[in-house]
Amino acid sequence: MEGPTVVSEHEGHEASPHRAAGDWLLSIVVPVMNEEGAIGAFLAAVDKALDGHVARWEVVFVDDGSRDATLATLRDASRADARVRYLSLTRNFGKEAALTAGLAHAHGDAIVPMDVDLQDPPHVILEFVRLWREEGFDMVYGVRGTREEDTHTKRATAGLFYRFFNRLSDTPIPHNAGDFRLMDRRVVDALNRLPERSRFMKGLFSWPGYRTTGVRYARPSRETGSSKFNYWKLWNFALDGVVSFSTWPLRIWSYCGAVIALIAFLYIVLLVGRVVLFGSDVPGYASLMTAILFFGGMQLLSIGILGEYVGRLFIETKQRPLYLVAEDSETLHAPRREGPAA
Numbered sequence: 002m003e004g005p006t007v008v009s010e011h012e013g014h015e016a017s018p019h020r021a022a023g024d025w026l027l028s029i030v031v032p033v034m035n036e037e038g039a040i041g042a043f044l045a046a047v048d049k050a051l052d053g054h055v056a057r058w059e060v061v062f063v064d065d066g067s068r069d070a071t072l073a074t075l076r077d078a079s080r081a082d083a084r085v086r087y088l089s090l091t092r093n094f095g096k097e098a099a100l101t102a103g104l105a106h107a108h109g110d111a112i113v114p115m116d117v118d119l120q121d122p123p124h125v126i127l128e129f130v131r132l133w134r135e136e137g138f139d140m141v142y143g144v145r146g147t148r149e150e151d152t153h154t155k156r157a158t159a160g161l162f163y164r165f166f167n168r169l170s171d172t173p174i175p176h177n178a179g180d181f182r183l184m185d186r187r188v189v190d191a192l193n194r195l196p197e198r199s200r201f202m203k204g205l206f207s208w209p210g211y212r213t214t215g216v217r218y219a220r221p222s223r224e225t226g227s228s229k230f231n232y233w234k235l236w237n238f239a240l241d242g243v244v245s246f247s248t249w250p251l252r253i254w255s256y257c258g259a260v261i262a263l264i265a266f267l268y269i270v271l272l273v274g275r276v277v278l279f280g281s282d283v284p285g286y287a288s289l290m291t292a293i294l295f296f297g298g299m300q301l302l303s304i305g306i307l308g309e310y311v312g313r314l315f316i317e318t319k320q321r322p323l324y325l326v327a328e329d330s331e332t333l334h335a336p337r338r339e340g341p342a343a
């Protein structure tokens, strides 16, 4: 397996002054849903990778409404190892909300969100830490060098999405970078202050800025379980990203309207000229129906795009909590209160 390599492009200029501190804590945030069989292997791999290299670390699992024995497995793991913490949400709020919950409850000076399936190798975290501590980067993101499990169609559509998103948005996201990254505490504090309910985390990670770089790594096959994403979910995920970070879909329809109005004006001039100069008949039913169907479809499409933005405004104005916590490891370890004496 190829080792991690640093991507040459980076942003920012000045290094942060506090990297040399010896007493620091690393938090690993892991959203899970129906992953009871993967938790033990994940913890063993993390312990093996970090042992002797990182003195203080914790893993913060976020159970996003699992229906299997995931929560019971997390309870047992937390009882066995105080470095293992967990949150259990009241229902399935989605991965983005679960990841937000984990970032809000992580205690570390550096925070690494990652998946439990071990497709993001824990040993790459050591390179993240080196770049954070020794070279002063505030964010170090992982770049997937190989995606052997993905089909050609998925790789092609992913590449198309990155190019399309970065062309439309003022907040570009690195190509082939997922959630797997290390973030300094001040970056996470900035993320925790962002209030929006529609959370496209790839974009939110890039929004604060700071000094960033990438590490390319080989992505192995999934150790256990199967992916919860399908093409429909990925489409909605991409749509959320574009609508959350760009107003270009709205602006495009202004340009389309101007172009169509110009074409219609030129067509009217052409028709009037043919009638006045040559006495030609104006085309009738077929051209009329074609125009009606064309403009009707354009209007419905533009209304749909406008509705995406209005719908998100509606959700934001309700100010509902992004997630609700039913249980966490702190309450599990808290001493039980005795009832009143008989």
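Letter by letter, the sequence shown follows residues 2 to 343 in my numbering.
Beta carbons: idealized from backbone N, C-alpha and C, even for Gly.
Everything numeric in this text was worked out from a predicted model, so none of it was measured.
- Cα atoms of K203 and S89: separation of roughly 23 Å, rounded to the nearest angstrom.
- Look at R321 here: in three-state DSSP terms it is coil, with no helix or strand label.
- Rounded to the nearest whole angstrom, the CA to CA distance from R194 to Y268 is 53 Å.
- With contacts defined by Cβ atoms closer than 7 Å, E36 and V117 form a contacting pair.
- In this chain, the beta strand (DSSP E) harbouring L183 covers A178 to D185.
- Secondary structure at S79: helix, using DSSP grouped into helix, strand and coil.
- Spatial neighbours of W133 in its own chain (CB-CB distance under 7 Å, excluding positions within 5 residues in sequence) are listed in chain order as R20, A111, V141, L183 and D185.
- Comparing alpha carbon positions, the residue from I261, A56 and L289 closest to Q300 is I261.
- Its Cα nearest to that of A73, the residue I40 stands out among R57, V47 and I40.
- Note that the segment 59-71 touches the segment 97-106; at least 3 beta-carbon pairs, one per stretch, sit closer than 8 Å.
- S199 carries a coil assignment under DSSP once its states are collapsed to helix, strand and coil.
- Secondary structure of A265 (DSSP, three-state): helix.
- At a cut-off of 3 residues, the continuous stretches assigned as beta strand (DSSP E) that sit fully inside the segment 28-87 are 58-64.
- Going by DSSP, G95 is part of no beta strand (DSSP E) at all; its letter is neither H nor E.
- Nearest to T91 by alpha-carbon distance, out of D65, L75 and R168, is D65.
- DSSP places E309 in the helix class (H, G or I) of the three-state scheme.
- In this model, T318 and R187 are separated by some 28 Å (Cα to Cα).
- The Cβ-Cβ distance between A50 and P123 falls below 7 Å.
- Minimum Cα-Cα distance from Q120 among the listed residues H176, F201, V144 and G109 corresponds to V144.
- In the structure shown, the three-state DSSP call for A107 is coil.
- By the beta-carbon neighbour count (other beta carbons within 10 angstroms, threshold 16), L263 is exposed.
- When the Cα atoms are used, A265 and V273 turn out to be separated by approximately 12 Å.
- Among the bridge pairs identified by DSSP, S89 is matched with D64 and E328.
- In the DSSP assignment, T101 forms no beta bridge with any residue.
- Boundaries of the beta strand (DSSP E) harbouring R220: T213 to R220, taken from the DSSP string.
- The C-beta distance from L251 to I306 rounds to 7 Å, short enough to meet the 8 Å contact threshold.
- Excluding its 5 nearest sequence neighbours in each direction, V31 has C-beta neighbours in its own chain below 8 Å: F43, V60, V61, F62, V63, G103, P114, M115, D116 and V117, listed in chain order.
- Within the same chain, S89 and T91 come within 6 Å of A327 by CB-CB distance, once the 5 residues on both sides are set aside.
- Secondary structure at I174: coil, using DSSP grouped into helix, strand and coil.
- A straight line joining the alpha-carbon of P173 with that of S207 spans about 7 Å.
- A distance of 7 Å or more separates the beta carbons of G146 and A46.
- Rounded to the nearest whole angstrom, the CA to CA distance from H108 to D329 is 14 Å.
- By the C-beta density criterion, I29 is buried, having at least 16 other C-beta atoms within 10 angstroms.
- Of Y324, E331 and P175, the smallest CA-CA separation from K96 is found for Y324.
- As a beta-bridge residue in DSSP terms, R145 pairs with Y218.
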